Amino acid sequence: MEEDQTVIKGALMMPAKQMDESRLKQVGSIPVLMNGYELDLSKVPDKVYKHELKLIAIRKGNKEKDLTRGPKNDVAVTLRRRVLWSIYTCMLKSNSDFFGGDTKVFFFDCGINFYSTNKLLDRSEGEKQFHLKPEQLSSNSRDFLGPKVMEVVAKLLACGEVFLKGSAAVDECITERERSLQQFLEVALNQKMFHNQEHFIFGNKAYNRPSSHDRPLNDGKVLQSGFEKNVRFVGDFPESAISVVQIDAKKSAFFKEQNLVALVAALCHSRLELIMNDAKTRQKVARQLKDLVVRTNHLPKCQRDFCIFGITKETTEKVIVMVDNQEVSVAEYFYHKYGIGLRHSYLPCVIERRVSVGSKQPMNSYFPMECLDVVKGQRVELKKQTPDLVEELINSCRLLPAKLQEENEKQRRSAYITSENPYLHKLGLRVSETPRGANATILFPPAIIYGEGARVEPNASGDLDWRLNVPRSMMQRQFYRPANAPRRWVVFLFEDAVDRASLDRFLYAYVERAQSHGIKLQRPSRVESVDRVDMDFLLDKMKIMRKNGVEYVLFITKEKRDPVHDLVVRTNHLPKCQRDFCIFGITKETTEKVIVMVDNQEVSVAEYFYHKYGIGLRHSYLPCVIERRVSVGSKQPMNSYFPMECLDVVKGQRVELKKQTPDLVEELINSCRLLPAKLQEENEKQRRSAYITSENPYLHKLGLRVSETPRGANATILFPPAIIYGEGARVEPNASGDLDWRLNVPRSMMQRQFYRPANAPRRWVVFLFEDAVDRASLDRFLYAYVERAQSHGIKLQRPSRVESVDRVDMDFLLDKMKIMRKNGVEYVLFITKEKRDPVHDTLKFSEVVAMVVTQHVHSKTMLKAISNRGAEMTLDNIVMKMNLKLGGISHALASSGRFLRANQLAANIMEKTWLRASRMFIGIDMSHSSPQSLYERQAGIPPSEPTVVGMAYTCGGPFAMRGEYWMQEPRVSAVQYLRDHVMNALNYFKEESSGKSFPEHVVVYRSGVSEGEYAKVMSAEADAFREAFDAVLEGSKGKIRLSIICVQVNSNYRLFPENGTAMGNAMQQNVPAGTCVDTSIVHPSQTEFILVAHKSIMGTARPIRCTVLVDDAPRMSLDEVEGITNALCYAHGIVTSPVSLPAHLYAASNLAKRGRNNWKTANCAGDDASMSSDGCERGQFRNDGTPEFFPTMSGELAPKLRHKFWA
């Protein structure tokens, strides 16, 4: 990780916690439970003593190695922690004369932090050393240390005292806050888990070790249960702060412990020959194997682990290595060396790359896949999660509240987070058996405003019946500000995603729907079928579109899915000791074609493994796994190549986010969806499994008790806003605060007009890819599309052209888009067969290059839009997206009538105060880069993959939005280059505002920030905003106020109805939309609130945690901050339902993702990832080490489209 050099200036005071006595009346209140259990510290000692404990291995020649340092992959972290704990316990037992016989009074974080309840040393005594001989250690520890280690020295140094009682941890001065108590409690709660070794622990997440009950996932992965745990302080005042441990049940995808060939077979759907014959399959396998840790299974004595660097282009029979100055193939080498006749010699070799100690040059080793096993315990990184996997994860993780509570409780107990935990019992710490409660307020939703005065109001219960469409007999709701219809727009139909008849039906419905909502859309200028999705083709297409004046492109595809880095594997072929390593990548060639030098002779990896290990590869047709290391002397990269069958995936490796395919993500999400009751049960289960209980001997010895029940609080249910459409239409919440919000109304009624319908494009085109739908369906869709747009106020006409496209390569598409642009096409509609088609990222990149607005629809959605069920709602969603992309505003917000009456307010507080025209809203989020591989770090290669910052902001009113993204140094949490981008945003605001003036107040919603990084935002980022304010004002008398609200999306907070039931659907089991808690379970000294703004239709709602970091005088009241945040969750504009985040932050998150996808598409086009780091080692953007690298990249990839192009 890059070192963050952000400078924090001086003492930083948090805005004082607001506890307003007079509060606005909302829908009502509801008692809720959080997923947190009180920790009773009343019987713990006043303090514990903190020490630094260093465990040093002494090798021959008195060379020292710090045992806490090493590779950061999941396998290495797990193994290192296990060994450190073993050495630590051995140290205590071997030195009982110093430490005593009770080990439960000591607490060790398996790093360098060591605590004791009794004073062991004084600082003046200096360092005390304890010596351990290898024979005193366990066999696993000796294997880890290796034969060259002569002894282990434990160096103990007194550091200070940690006071367990007091309010220093919640000091209002954030730079003075003492985090030592929180850190100690985290360590104490982990002791029993460290001792029992039943979990894989990664930071504050813990997962159960593999068992036969684990659910298998696609592509050689399994779903493992666990939890995320953290300690926080809650309450209404600092002096009465209470510590709680939060448990949130989790599920994550892990690589299955198996032979590497089995994993590759799963990735190839059992068609192993595809890895050599199909570039896409090889690329997929290479990315999944990159940095995977595998273990050899062929060595005669001790197997070894290593990280895969990549796979070879050739098979094991063709990869040549030098053995005794003779060239032999890897297959021959393994046969002669180990007597292994490879069963898969047709597979490529796995490459292990290391750095030569002397020359610092890269050295490659090649392994047949069948000689490697995947080491257990490796998570699937995010970049390895395919769309299918993501979908599988989502489905697996959906738990309704009752089930989630049950799972939380199950996890709590499995983690031993109970008062019976012997460590906690010894400490005197008790854990509540029930979650903490609170009273929540249910906020009123806003009224929804559409064009021509249409309005949707919540009912008396606060429910908002919000729909865009109305019965056909009624006038359709017009968008608040319909977009200007593109003068020319085009439809791209990819790979015959739908038949032509279906496409025609869809386009008819699409145009009709757009017109019904106020967009004066006409038929597309052209519908083009496309059968290529390569980058160059698509970019050429898009440039042609731009050249032809096309302003909008609609993409229609089959699916929207995207097309083994850092996985730890263990060899299975070494005769003595197997070894683990991180996979760097896979080769392009099979094991038979990857050539290595053995004794100055070229041999294939297959030959090498045959002659070296006697292994005849069964899968020699597969590529090699690459392990890349840096030569110690020359610092140059060295590759080692391994056949996949000679490597096993090491257990305990989580699937990184980047490795999670859409299918896996979907499976994870489905597995993790737990309803509140089930989530509470799972939290409790994980708490106990982590020994976070009063019975934990470490906590018991410390005198720390953990509550057995989660902490409760009273939550407020906020009123939703009224929704404003065009022509005065309005949707109001009912008396209960429910908002029946729909855009469409019965056909007998006038459809709701968009608040500001977009200007219809003068020319627009439809691209039909690869006959995604039949022509009749396309015609029906286009008719419905145009009719629907018109009914909502967009004066859309039929497309200028419908073009069938049979190519989706980048060059072709870019040429197409350039032609569209040249011909005046302003909008292109893409229609493809599938939602997850890899063409999606290419299409969106072509949009940036050609500067033509595009929309992507897949065939399933299109056919639904012309079906007899759900058609109108689907059409409305498509048309609302188009309206935003073309500059329209779908609806506006207002204070609901019931809210105004309940608080005896005459004026519309939403319009006059909360969302006033002079107030500017900004959302900022970040998409961080993946860590570099071990080889890249060893070789000192500067990172090229950037952190992407997304920023969305209001222009010309609270509901009109623009946005941008830019690149900065990777893994830096503070936003760089912020001043210049804020200045641009302020100038756009002035240009679009009715008074041509700058805002008087800027409210920033900032996501992606942890508590430990608050100071950076309050110092560096706040300074950047103020510098931008000063720069645009240029010394004038005006002043711009600044407020920054940190929004934590994954804060681990969960809210459960106190009297909840496991009966009914997800909405009935969850807290209602608008539930807000600002007392009892929030931070005692910060202005903070927990908000569930959305309706949970699956699983248990995940709240957002909002903390006010900066708030210039005159300060906003707590009611105002909560009301604005809740209202902006109704301003997303694409759905007639509140989302979980304020709209500007939601947009910023999407912009950051779009920026990352565009970087990947531009950087990795045409790279098959065989020998690369995440498939992009030969990418367009290679960091040259100059300060201009990231700004230059930002300039090349910067979006230049106006309006909400990312919608």
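Take the sequence shown: its position 121, counted from the start at 1, is 121 in UniProt numbering, and no numbers get skipped. Don't be surprised by glycine CBs; every beta carbon is placed ideally from N, CA and C. None of the values given here were measured: they were computed from a predicted structure.
Leu-1197 counts as buried, since no fewer than 16 other beta carbons sit within 10 angstroms of its beta carbon.
When Cβ pairs closer than 8 Å are counted between the two stretches, the segment 135-147 is seen not to touch the segment 160-179, the count staying below three. Arg-628 counts as buried, since at least 16 other C-beta atoms from the protein chains shown sit within 10 angstroms of its C-beta. The count of Cβ pairs closer than 8 Å, one atom from the segment 586-599 and one from the segment 641-659, reaches three, so the stretches are in contact. Distance from the Cα of Val-330 is smallest, within the candidate group Asn-670, Leu-1109 and Glu-602, for Glu-602.
DSSP, read as helix, strand or coil, puts Ala-1028 in helix. The beta-bridge partner set that DSSP reports for Val-857 consists of Ile-556 and Ile-831.
DSSP places Asp-143 inside the alpha helix (DSSP H), whose first and last residues are 139-145. In the three-state DSSP reduction, Asp-248 falls in the strand class (E or B).
Here Pro-1057 is bridged, per DSSP, to Val-32.
Runs of the alpha helix (DSSP H) lying entirely within the UniProt domain "PAZ" (259-376), each at least 4 residues long, are 260-267, 274-277, 279-289 and 330-338 in chain order. The DSSP-derived three-state label of Asp-925 is strand. Within the same chain, Cβ atoms closer than 8 Å to the Cβ of Asn-823 are found at Arg-488, Ser-525, Ile-544, Met-545, Lys-547, Asn-548, Gly-549, Val-550 and Arg-763, the five residues on either side in sequence being excluded. Looking at Gln-660, Glu-727, Ile-717 and Ser-896, the one whose alpha-carbon comes closest to that of Ile-1090 is Ile-717. Judged by DSSP in its simplified three-state form, Phe-584 adopts coil rather than helix or strand. Counting only runs of at least 4 residues, the segment 725-806 fully encloses the following alpha helix (DSSP H) elements, listed from N- to C-terminal order: 775-791.
Note on Pro-1072: 16 or more other CB atoms within 10 angstroms of its CB, so buried under the neighbour-count rule. For the beta strand (DSSP E) assignment, the uninterrupted runs of no fewer than 3 residues enclosed by the segment 1068-1102 are, from N- to C-terminal side, 1075-1077 and 1088-1092. DSSP places Phe-494 in the strand class (E or B) of the three-state scheme.
In this model, Gly-614 and Arg-282 are separated by some 27 Å (Cα to Cα). Collapsing the DSSP output to three states places Phe-642 in a strand. Beta-bridge partners of Asn-395 (DSSP): Asn-670. Pairing Thr-954 with Phe-998 gives a Cβ-Cβ distance that is not under 8 Å. DSSP, reduced to helix, strand and coil, places Trp-1206 outside both helices and strands of the structure shown, so it counts as coil.
Under the three-state reduction of DSSP output, Gln-385 falls in the strand class. With respect to the 8 Å criterion, Ser-345 and Thr-316 are classified as neighbours on the basis of their beta carbons. Taking the CA atoms as reference points, Leu-986 sits about 8 Å from Val-1032.
Per DSSP, Ser-1194 is one residue of the alpha helix (DSSP H) stretching across 1189-1197. Using a Cβ-Cβ distance cut-off of 8 Å, the segment 776-792 and the segment 870-889 are in contact, since at least three pairs of beta carbons, one from each stretch, lie closer than that value. In the displayed model, Ile-723 falls within a strand according to three-state DSSP. Taking a contact as a CB-CB distance under 8 Å, the pair Phe-227 and Gln-653 does not count as one, their CB atoms being some 18 Å apart.
According to the DSSP secondary-structure assignment, Asp-648 is paired through a beta bridge with Asn-259.
Between the segment 519-539 and the segment 477-491 there are three or more inter-stretch CB-CB distances shorter than 8 Å, so the stretches are counted as touching. Three or more Cβ pairs closer than 8 Å define a contact, and the segment 893-900 falls short of that threshold against the segment 797-815. DSSP lists Lys-678 as the bridge partner or partners of Gln-405. Within the segment 884-913, the complete beta strand (DSSP E) segments at least 3 residues long are 892-894, listed from N- to C-terminus.
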